[in-house]
């Protein structure tokens, strides 16, 4: 009778077999030493702001060099345009 019982009951495996062959973690690529890095500059001036409580704040910070150069170039072009207009008058 016990033999019949063993044959009828399903076999349960308590040790799951997991296939790990295709699930390896992604490997990190070595960083390229020649990759361009954006240079930042600390500016000595700040932005003056009066807060809601009446305090004067001065925000100092960092700016990207390429953004600063672009803004300075735009200012130079505006100044050159104004001086040419003044000379024409």
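Residue numbers (the numbering used here): 454 to 542.
Backbone N, C-alpha and C fix where the C-beta goes; we use that ideal spot for every residue, glycine too.
Counterpart residues of residue i in DSSP-defined beta bridges
i           : result
residue 516 : 494
residue 511 : 501
Host beta strand (DSSP E) of residue i (start-end)
i           : result
residue 501 : 500-503
For residue i, three-class secondary structure by DSSP
i           : result
residue 531 : helix
residue 488 : coil
Nearest-angstrom beta carbon gap, residue j and residue i [assumed within contact, 8 Å]
i           : j           : result
residue 513 : residue 499 : 4 Å
residue 524 : residue 491 : Contact doesn't hold; Cβ gap of about 15 Å is too wide.
residue 529 : residue 494 : Wrong, their Cβ atoms sit about 18 Å apart, outside the cutoff.
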